[in-house]
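See below for the structure under consideration.
Residue numbers (our numbering), protein chains in the order written: chain D, 4 to 309; chain R, 69 to 446; chain L, 828 to 1100.
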């Protein structure tokens, strides 16, 4: 409502109306805005600042402006490239596994069968297990080369038990993380599949669509949006997988399972090279932002729809 | 005394005008109905009177008091919403007493007022139930009860019956009409249903595109629509419109052609018009009779026959491929593909110029200004 | 008809098989919790054994299990209540008194959730160290409140938006002030939504591992960090680890099972319903 569009309304009247109908929302909204601002912007600014200085907690003599030195070291450090590669492998494989299995499970569990409710609860259970517990279950009771359940399975069919964390460290991590995140993908996709129009399915069946055609022409297109949401949200979490690695391999053997998050942790909080670790942090933020922008776009489209 | 006066009321969202200057006078204890197609601004207008929408420009007074800047609760109004808008977490008693509780009335007084309203609306057995446990009609009654306890000067209704099924709607219509005669309150009622408007109103306000098209009593709008829009909106089935031209103008009548070549002399004021001018002849379906012999005749071939028992809606094609509807007698024997002769009485005809404005009728219908009730003896 | 019955039988078999395979590690751990340490290490694994509660007793007796459990309860419920206290007014303001900036504010709040924690780990660690918040329940409580705040605001916003506008208008006609609308209508009406939002944040906080591993070690450590201490060589007590783990995950799994639907909405910011 502008005065230009409506000359007969004077500024005074407008002001009066505003005080009548609208309340001052600042005391309601600003506490949240301020704390979130402090929580994100201040540490982020510090991270960026640290990444340009020499700063080691163990050695106070090292100080001063570093310029792009930290970044230069970082980019020359094979650990960075190894960790980036590991991050990519871990994130990518888990994404593929969870989306594929999540979709198949959602289709399967959307069908009527005996005890469906209980079976569903069992499938989503791993998602509620805290990361440290699931990592330890797998490390000790499943994948242990001597006492693990998998080793027993293998030896009982005459195979040599695999020493998972020594020979296939990354695969082991991928299995653990996938086990945790398949239920997430499943839960989201099952919810999405349940909103599939029954009449549309019936119409397709009357038109002669078999189960395969139904899946590719009706179900999958309907799930496309939910799948993209799953991918983006998982990506945000998977890019910074930490507890599973911390508990099982500590990034090893060598750098075999060091991802970007673990590298930053070990450089910053184990070697106390704050400047160097902060440069890594900046890289992680940039990576996550690329994903975040896409996600925020999708969600905001949803916001405008409703 | 609670007359509601609107002076050049306007509403704009940014540059979009939705109410384009409404002047209206609703008298004390009058039952006014705002009617119009969806999007005509009738609900917006009501919400502006309620204080739920700001008034962009103009002046609104209730009971002689300017209320533009008062909050809804200060305006002496209460409102019944389309979805009833009961508070789901409160019992019927709490729903009805909520406004009194907010106004910090003593508990005993709240109880007495709620009980009184419940007695009038026969809600006593339901007072401790939650809205969830009520039927649609009962919820509606609670919503009305909540409006009553505030003892308002003006009741506002926003399409209150549109969520009810047909039978209940008729029943509630009667109850609201009775309520109006029992309470000394002004009522403003919004609906898109012209039957509701016709049956309940003292005064109908027909709106289109944020403009008042016509204000008048139900029969005034029925017999003397000011323009083609009002003529088509009021009455069911819709009035027939036949494109024709003026053949002769005399003092007190205008003669126009009918499909098939015959003509009819319509008793309207023809001043300012010229023979040869294109006009529209309007005839209500219920004003057509089978067999001709009236002031004018139209030959038509029957396309569809709808037998309602009491009357027979006959849709027929006339010369020039126009389809008209005639509400014939219930025991008419017309069949599909019959040729029928339809008779029209001249004094039931309406004539509209090319701008849609009605020609002034010479004689005013005797019931056009009839009151709904004898003046109350106060 | 017969074919359909057959189909259903196969679906039942396959679906249950899959469910049992996925659930097996949890089941196996639960089983181990009732074994003796020797049985836990036996090859082949012992399926038939006389269950014992010794592990549970010992976890309670030997480690400060109760302290860690209390820390978990305190940080997850405390941060949830705190987040709700911040979020309810904010979501109310944005849902019912929106301005041109409201969509932008909402998206900005969401975007803070997208920030990877490693990006700010170092400064937070140093700030907490300087403020004496390392290894304290208070410190963790602050962090959990902040990481869950965007989700809570977002979820409450959608729940508040679902409250029919006419009810709020009816209350205005009845004379309710904005604060009365909030406390007498909105909060009671959205109580189920507020509760499920709370459940979701309790789950997320209970299972959070990144910050609890990095910011706490003993005094302020919740169960996630406590369980992680079993990964060290001296912690090779599988039966006790299992007993501790069962107790750590059981309550939250039950809560999670009960609030599946809300979880989906919360985790996808309402993009999947």
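Backbone N, C-alpha and C fix where the C-beta goes; we use that ideal spot for every residue, glycine too.
The C-alpha of residue 293(D) lies about 16 Å from the C-alpha of residue 263(D). Using a 10 angstroms sphere on the CB of residue 927(L), the tally of other CB atoms stays under 16, which defines it as exposed. Contact between residue 129(D) and residue 137(D) holds: their C-beta atoms lie close to 6 Å from each other, under 8 Å. The Cβ-Cβ distance between residue 357(R) and residue 418(R) does not fall below 9 Å. For residue 331(R), the secondary structure class from DSSP, reduced to helix, strand or coil, is strand. The closest CA to that of residue 288(R), considering only 197(R), 433(R), 76(R) and 132(R), is found on 433(R). Taken in chain order, the members of the region 1007-1039 of chain L whose beta-carbon sits within less than 9 Å of a beta-carbon on chain R are 1007, 1011, 1012, 1015, 1016 and 1018. Each residue's CA atom was taken as its position, placing residue 175(D) and residue 118(D) some 32 Å apart. Comparing C-alpha distances from residue 306(R) to each of 391(R), 402(R) and 133(R) shows the shortest one belongs to 391(R). The straight-line gap separating the alpha-carbon atoms of residue 1001(L) and residue 1032(L) is approximately 41 Å. Look at residue 409(R) here: in three-state DSSP terms it is strand.
In this structure residue 313(R) is exposed. Its beta-carbon is surrounded by fewer than 16 other beta-carbon atoms within 10 angstroms. The beta-carbon of residue 115(D) is placed less than 9 Å from the nearest beta-carbon of chain L. For residue 379(R), the closest C-alpha among the options 145(R), 436(R) and 355(R) is that of 355(R).
At a cut-off of 9 Å, the C-beta of residue 201(D) has no neighbouring C-beta in chain L. When Cβ-Cβ separations below 9 Å define contact, residue 288(D) makes contact with chain L.
Collapsing the DSSP output to three states places residue 200(R) in a helix. Taking the beta carbon of residue 166(R) as reference, the chain L residues within 7 Å of it are 1001, listed in sequence order.
Between residue 272(D) and residue 975(L), the beta carbon gap of about 24 Å keeps them out of contact (Cβ cut-off 8 Å).
The secondary-structure analysis by DSSP pairs residue 79(R) across a beta bridge with 87(R). Residues of the region 974-1006 of chain L with a Cβ closer than 7 Å to any Cβ of chain R, in chain order: 991, 993, 994, 996, 997, 999, 1000, 1001, 1002 and 1003. Under the DSSP assignment, residue 146(R) falls in the beta strand (DSSP E) whose first and last residues are 145-148. If the five residues before and after residue 298(R) are omitted, its C-beta is found closer than 7 Å to the C-beta atoms of 274, 281, 282 and 289, all from its own chain and listed in chain order. Contact between residue 125(D) and residue 849(L) holds, with the beta-carbon distance rounding to 7 Å and staying under 8 Å. Sequence-distant Cβ neighbours of residue 1073(L) in its own chain, meaning closer than 6 Å and more than five residues away, are 857 and 860. Between residue 192(D) and residue 105(D), the gap from beta carbon to beta carbon is short of 9 Å. Residue-level contact by beta carbon fails for residue 251(R) and chain L, as no gap is shorter than 9 Å.
Contact between the region 275-283 of chain D and the region 199-209 of chain D is absent: fewer than 3 CB-CB pairs across the two stretches fall below 8 Å. Apart from sequence neighbours up to five positions away, the residues of its chain that approach residue 184(D) with a beta-carbon distance below 7 Å are 97, 101 and 237, ordered along the chain. At a Cβ-Cβ threshold of 9 Å, residue 254(R) and residue 94(R) count as neighbours.
The DSSP assignment places 992-1000, 1018-1034 and 1037-1042 as complete runs of the alpha helix (DSSP H) inside the region 969-1051 of chain L, in order along the chain (cut-off: 4 residues). In this structure, residue 39(D) sits near residue 973(L), with a CB-CB distance shorter than 9 Å.
Under the 10 Å beta carbon count, residue 84(D) is surrounded by fewer than 16 other beta carbons and is classified as exposed.
With a cutoff of 9 Å on beta-carbon distance, residue 1058(L) and residue 249(D) are scored as near each other.
Contact between residue 1026(L) and residue 1082(L) holds: their C-beta atoms lie close to 6 Å from each other, under 8 Å. Boundaries of the alpha helix (DSSP H) harbouring residue 1089(L): 1087-1094, taken from the DSSP string.
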